[in-house]
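*Asks:* Residue numbers (this note's numbering), protein chains in the order written: chain S, 4 to 450; chain H, 4 to 450.
From the three backbone atoms N, C-alpha and C, an ideal C-beta is built for every residue, glycine too.
Note that the structure is predicted; figures quoted are calculated from it, not measured.
Take a look at the structure:
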């Protein structure tokens with residue numbers, strides 16, 4: 004679930020801004036009539052999308068766009084492995100998990116084989132929000148406590164309870180009384196030499212504060228690459244001390260892998276592996292079915308036991324249906340079969356090296372960070388570390404006009420967030436780097 | 004999302020109960036290993052399901068089961084129209100609603116054409132729980148109040164906030180302070196000659212109580228066929244006075260059509276049409292994509308406006324994706340093209356008449372009610388109106404051994420809930436009625 008900061012920085016369309024393209028004008032009118040005020044569109048001039056393949060999307064005029072934005076189609080847009088898997092299963096059986104269905108067990112076992120032995124139970128849901136919503140309930144059942152710690156600009160979902168732990172999606176960044184926010188482990192602007200220690204200190208203070216307030220610590224929920232906070236993952240072990248503090252206090256660590264999960268960071272299947280931590284629960288979604296709506300929680304069995312014993316059980320009508328299992332199997336098989344994790348690592352290094360080559364005097368590229376194909380590029384006022392959201396916005400729009408789609412994140416909306424399908428190629432990278440050199444160069448100061 | 008009462012009355016499997024079928028034993032072991040305590044299975048002896056078509060499902064031994072339970076595959080299991088629609092779309096484009104995609108607008112317009120003119124905005128989500136969760140937030144944004152009225156055994160979802168308005172899914176039926184429960188408009192056991200007036204009286208008292216407590220009335224949420232409360236929909240206009248009381252007090256009426264919607268009641272597309280009311284919001288899910296995970300809210304535009312103005316907007320990564328639109332279009336076209344609403348009406352009348360033919364002295368069939376292919380059969384101690392959950396359970400298990408799947412509902416777990424795919428035929432009805440005559444007869448008392 005993309006963050007609101009992305010939306011803002013992709014320049015939400017406002018009614019009446021497009022008048023010159025009858026097809027686009029008509030599509031906008033249709034959208035407005037049916038979806039009303041709830042409609043949110045990318046760009047001042049939204050794109051009427053017609054088809055997509057690999058890392059490329061094509062609009063109604065067949066203009067190509069290199070997709071560095073969408074992390075859902077992780078194995079590539081319209082991948083035949085998923086299309087064929089769901090087509091085959093849809094003609095045979097689609098039902099719920101209160102019957103035994105072999106392909107559902109196949110998927111559950113395949114997914115769990117990507118986790119250490121103590122994370123051996125799975126609950127299948129439909130959206131990342133559902134997974135985080137349920138994980139909060141499970142943590143409360145396990146600990147008997149309500150206090151939750153999240154980062155200042157976190158995004159963890161769109162349900163009532165996950166919106167409450169998503170200050171990044173609330174205009175005033177407020178959180179209810181049983182939530183505490185901590186700054187993310189940021190090092191570039193702050194110059195912090197040990198962001199992990201600072202982060203752990205903030206988490207320890209939040210635990211003490213929650214205990215003093217009578218809430219106690221239920222869990223720490225962290226997107227393991229801090230996507231909406233601005234993309235942070237270095238150095239290795241970054242959040243280990245913070246997680247230890249929570250677990251030592253009897254709280255749980257929930258690794259939100261909805262965005263970094265499924266091989267994107269190149270360092271393994273899950274972002275938490277960068278941090279030398281052992282989650283108590285892992286939530287996942289977005290790329291899990293390459294666009295088929297599916298999500299899940301992988302947890303320690305004792306947590307599932309405790310939750311199940313306290314209530315009447317959890318049932319999700321669509322969660323774990325055989326089509327989702329078929330799609331999920333195709334995704335895992337393709338990630339491994341096509342070496343996409345390795346490609347994410349190699350292409351990520353290549354992209355970061357290329358982007359660093361565009362830094363230097365007068366450049367708006369202040370910092371280049373991330374892991375694998377989850378890259379953050381901090382756009383700064385040249386010669387300073389000051390966030391430059393206007394330059395980021397100009398860069399995003401300039402890239403869009405050159406056929407490259409990329410978003411921004413972070414509280415200032417100045418961090419380019421680069422997360423293309425994992426089948427991204429060296430030629431895709433060259434196209435992107437060339438466009439970025441051109442646009443960023445025009446936005447920087449002459450040296 | 005089926006209710007917990009269904010689960011209980013379908014006799015949850017308990018570990019170790021099945022030992023004689025190696026394939027089933029192995030499937031149960033696999034399920035237990037991966038899903039752990041969260042796994043909920045139908046029947047003492049769960050079914051290992053292999054394929055399904057129309058109103059029939061087939062287990063791993065190819066034993067057929069007539070499906071009178073599952074209301075998700077509304078146009079029939081494995082319907083080729085949906086399989087082909089999602090297969091076609093999966094090979095072309097699957098993305099989110101921040102781009103303009105024609106098929107998504109096609110679907111939104113097609114869906115909205117099933118509603119009166121003032122219900123003209125749609126928000127697309129992935130599960131019924133997500134729809135009800137969001138509808139509660141929208142109602143609070145619109146009214147500035149938090150109080151919610153639901154029925155005593157209601158089920159409206161599995162997220163934290165929808166679990167709070169689902170006393171039927173909580174072992175102690177408790178609700179938080181800002182929720183009030185009212186008895187459903189029951190007439191058979193109570194002998195109430197005007198259940199609508201009684202219901203309206205309870206709702207008026209709940210409004211007054213919420214106002215006195217300082218919560219005020221945000222909304223009344225009603226499953227328009229009171230599925231988990233025991234299936235109530237007669238006489239026509241049943242809930243009109245209650246809805247008027249809420250709307251007169253400035254509250255909203257949310258029609259939860261997750262179970263009755265999409266033609267099942269035979270009286271129109273939506274269950275609320277039986278009640279001569281005008282909802283402010285309608286939530287839907289289950290049958291919307293015939294098993295493809297999708298759901299939605301249809302609402303008055305002023306409610307969408309108000310909600311959107313107060314926050315940062317609502318975005319759902321998978322909600323309204325082009326595959327869902329393709330599936331949803333196929334469902335609506337098939338309901339109309341195959342005359343499934345008319346079939347639901349005719350087959351429902353036929354089934355109810357046949358079931359009433361099994362009533363009489365010594366019969367356990369106390370009451371037969373419902374609309375279209377959403378039928379409730381109250382199982383009672385013969386000669387009384389006393390709920391007989393044991394007989395209902397024995398009937399369900401007896402029917403299962405004869406190849407008929409049906410569930411139970413209501414606070415006593417004694418109401419058979421009959422809701423087959425809408426393509427149900429006269430020969431399916433004959434099969435079911437014959438099996439029911441045999442099993443129910445053996446459970447009744449000799450006259």
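(1) Three-state secondary structure (DSSP) at residue 70(S)?
(2) Quick one: is residue 144(H) near chain S, going by C-beta distance under 8 Å?
(3) Expressed to the nearest angstrom, what Euclidean distance is found between the alpha-carbon atoms of residue 171(S) and residue 226(S)?
(4) Report the rounded CA-to-CA distance for residue 36(S) versus residue 109(S), giving the unit in angstroms.
(5) Taking the alpha helix (DSSP H) that residue 246(S) falls in, what are its first and last residues?
(6) Count the other C-beta atoms from every protein chain shown that fall within 10 angstroms of the C-beta of residue 22(H), then say buried if there are 16 or more, exposed otherwise.
(7) Could you give the distance in angstroms between the alpha-carbon of residue 84(H) and the alpha-carbon of residue 291(H)?
(8) Quick one, which residues of the stretch 306-322 of chain H are near chain S if we go by CB-CB under 9 Å, in chain order?
(9) Just to make sure I have the definition right: I need the residues of chain S whose C-beta is within less than 8 Å of the C-beta of residue 45(H). Which are they?
(10) Have a look at 41(S), 73(S), 341(S), 26(S) and flag the residue whose alpha-carbon is nearest the alpha-carbon of residue 410(S).
(11) CB-CB under 6 Å to residue 195(S), same chain, minus the five flanking residues each way: which ones, in chain order?
(12) When the Cα of residue 343(S) is compared with those of 267(S), 370(S), 278(S), which residue comes out closest?
(13) Tell me which residue opens and which closes the beta strand (DSSP E) that residue 184(H) is part of.
(14) For chain S, check one thing: does any of its Cβ atoms lie closer than 8 Å to the Cβ of residue 90(H)?
(15) Taking the CB atoms as reference points, tell me whether residue 106(H) and residue 385(H) lie closer together than 8 Å.
(16) Out of 377(H), 305(H), 402(H), 425(H), which has the shortest C-alpha to C-alpha gap to residue 120(H)?
(17) Residue 437(S) to residue 54(S), Cα distance in whole Å?
(18) Considering only C-alpha positions, which residue in the set 44(S), 66(S), 58(S), 41(S) is nearest to residue 405(S)?
(19) Under the rule that 16 or more other beta-carbon atoms within 10 Å means buried, what is residue 101(S), buried or exposed?
(20) How far does the alpha helix (DSSP H) with residue 139(S) in it reach, from first residue to last?
(21) May I have the straight-line CA-CA distance separating residue 7(S) from residue 253(S), to the nearest angstrom?
(22) If we require 3 or more residues per run, which beta strand (DSSP E) segments fall completely within the stretch 299-377 of chain H?
(23) Using a Cβ-Cβ distance cut-off of 8 Å, determine whether residue 156(S) contacts chain H.
(24) Whole angstroms is fine: what's the gap from residue 442(S)'s alpha carbon to residue 427(S)'s?
(25) Hey, quick one: how far does the beta strand (DSSP E) through residue 409(H) stretch, first residue to last?
(26) Our contact map puts residue 151(H) next to residue 224(H) with C-beta atoms below 8 Å; I'd like the distance itself, whole angstroms only.
(27) Beta-carbon within less than 6 Å of residue 333(H)'s beta-carbon, same chain only, minus the 5 sequence neighbours each way: which residues are those?
(28) Using a Cβ cut-off of 8 Å (strictly closer), state whether residue 10(H) contacts chain S.
(29) On the CB-based measure, 16 or more other CB atoms within 10 Å of its CB, does residue 133(S) come out buried or exposed?
(30) Any C-beta of chain S sitting closer than 8 Å to the C-beta of residue 265(H)?
(31) Please tell me whether residue 77(H) has its Cβ less than 8 Å away from any Cβ of chain S.
(32) By DSSP, does residue 261(H) sit in helix, in strand, or in coil?
(33) Counting only Cβ pairs nearer than 8 Å, list the residues of chain S close to residue 50(H).
(34) Output yes or no for whether 8 Å exceeds the beta carbon distance between residue 261(H) and residue 287(H).
(35) Out of 313(S), 374(S), 38(S), 127(S), point me to the one whose CA is closest to residue 299(H)'s CA.
(36) Quick check: the stretch 378-393 of chain H against the stretch 415-427 of chain H, are at least 3 beta-carbon pairs closer than 8 Å?
*Replies:* By the coordinates alone:
(1) Here residue 70(S) refers to the residue found at position 67 of the first chain. Here residue 70(S) sits in strand by DSSP.
(2) What you label residue 144(H) is simply residue 141 of the second chain in a count that begins at 1. No, because no Cβ of chain S sits closer than 8 Å to the Cβ of residue 144(H).
(3) The residue given as residue 171(S) occupies position 168 in the first chain. The residue given as residue 226(S) occupies position 223 in the first chain. Straight-line Cα distance between these residues: approximately 13 Å.
(4) The count along the first chain starts at 1 and reaches residue 36(S) at position 33. The count along the first chain starts at 1 and reaches residue 109(S) at position 106. If you take the alpha carbons of residue 36(S) and residue 109(S), they lie about 43 Å apart.
(5) Working through the first chain from its first residue, we reach residue 246(S) at position 243. From DSSP, the alpha helix (DSSP H) with residue 246(S) extends over 243-251.
(6) Reading the second chain from its first residue, position 19 is the one you call residue 22(H). Answer is exposed; the Cβ neighbour count stays below 16.
(7) Residue mapping note: residue 84(H) aligns to position 81 of the second chain, counting from 1. Residue mapping note: residue 291(H) aligns to position 288 of the second chain, counting from 1. So the two alpha carbons sit approximately 13 Å from each other.
(8) 307, 308, 309, 310, 311, 312, 313, 314, 315, 316, 317, 318, 319, 320, 321, 322
(9) Stepping through the second chain from its first residue, residue 45(H) is reached at position 42. Per Cβ cutoff of 8 Å: 101, 102.
(10) Taking the first chain and counting its residues from 1, one reaches residue 410(S) at position 407. Measuring from the Cα of residue 410(S), the nearest candidate turns out to be 73(S).
(11) As a first step, residue 195(S) must be located in the first chain, where it is residue number 192. Result list for residue 195(S): 201, in chain order.
(12) By 1-based counting over the first chain, the position of residue 343(S) is 340. If we check each option's Cα against that of residue 343(S), 267(S) comes out closest.
(13) Taking the second chain and counting its residues from 1, the one referred to as residue 184(H) is at position 181. Where residue 184(H) is concerned, the enclosing beta strand (DSSP E) stretches over 182-185.
(14) The count along the second chain starts at 1 and reaches residue 90(H) at position 87. Interface residue, yes.
(15) Along the second chain, read from residue 1 onward, the residue named residue 106(H) stands at position 103. Along the second chain, read from residue 1 onward, the residue named residue 385(H) stands at position 382. No; because the gap between Cβ atoms is not below 8 Å, this pair is not in contact.
(16) Taking the second chain and counting its residues from 1, one reaches residue 120(H) at position 117. The residue with the shortest Cα to Cα distance from residue 120(H) is 305(H).
(17) By 1-based counting over the first chain, the position of residue 437(S) is 434. By 1-based counting over the first chain, the position of residue 54(S) is 51. Straight-line Cα distance between these residues: approximately 24 Å.
(18) Counting from 1 along the first chain, the entry for residue 405(S) is found at position 402. Among 44(S), 66(S), 58(S), 41(S), the Cα nearest to that of residue 405(S) is on 66(S).
(19) Against the first chain, residue 101(S) aligns to sequence position 98. Label assigned to residue 101(S): buried.
(20) In the first chain, the residue the question calls residue 139(S) occupies position 136. Start and end: 131-146.
(21) Locating residue 7(S) in the first chain gives position 4, counting from the first residue. Locating residue 253(S) in the first chain gives position 250, counting from the first residue. Any reading at residue 7(S) must be qualified, since the residue scores a pLDDT of 41, below 50, and its modelled position is unreliable; the value itself is stated next. Taking the straight line from one Cα to the other gives about 32 Å.
(22) 368-374
(23) For this step, residue 156(S) is matched to residue 153 along the first chain. It does not; no Cβ of chain H falls within 8 Å.
(24) Reading the first chain from its first residue, position 439 is the one you call residue 442(S). Reading the first chain from its first residue, position 424 is the one you call residue 427(S). Distance between the alpha carbons of residue 442(S) and residue 427(S): 21 Å.
(25) If you number the second chain from 1, residue 409(H) lands on position 406. Segment: none, residue 409(H) is in no beta strand (DSSP E) and carries neither H nor E.
(26) On the second chain, residue 151(H) is found 148 positions in, with the first residue counted as 1. On the second chain, residue 224(H) is found 221 positions in, with the first residue counted as 1. Yes, they are in contact, since the Cβ atoms of residue 151(H) and residue 224(H) sit about 6 Å apart, within 8 Å.
(27) Residue numbering aside, residue 333(H) sits at position 330 when the second chain is read from its first letter. Hits under 6 Å: 84, 85, 88.
(28) Translated into the one-based positions of the second chain, residue 10(H) becomes position 7. Residue confidence is low: residue 10(H) scores 37 on pLDDT, short of 50, so the model does not pin down where it sits. No coordinate-derived value is stated.
(29) Counted from its first residue, the first chain places residue 133(S) at position 130. Under this definition residue 133(S) is a buried residue.
(30) Looking up residue 265(H) in the second chain gives position 262. No, its Cβ sits nowhere closer than 8 Å to a Cβ of chain S.
(31) As a position in the second chain, residue 77(H) is number 74, starting the count at 1. No, residue 77(H) does not count as interfacial toward chain S.
(32) Numbered from 1 along the second chain, position 258 holds the residue referred to as residue 261(H). Coil at residue 261(H), not helix or strand.
(33) On the second chain, residue 50(H) is found 47 positions in, with the first residue counted as 1. Within chain S, the residues near residue 50(H) are 102, 103.
(34) Position 258 of the second chain holds residue 261(H). Position 284 of the second chain holds residue 287(H). Yes, Cβ-Cβ distance for residue 261(H) and residue 287(H) is below 8 Å.
(35) Position 296 of the second chain holds residue 299(H). The shortest C-alpha separation from residue 299(H) is found at 38(S).
(36) yes
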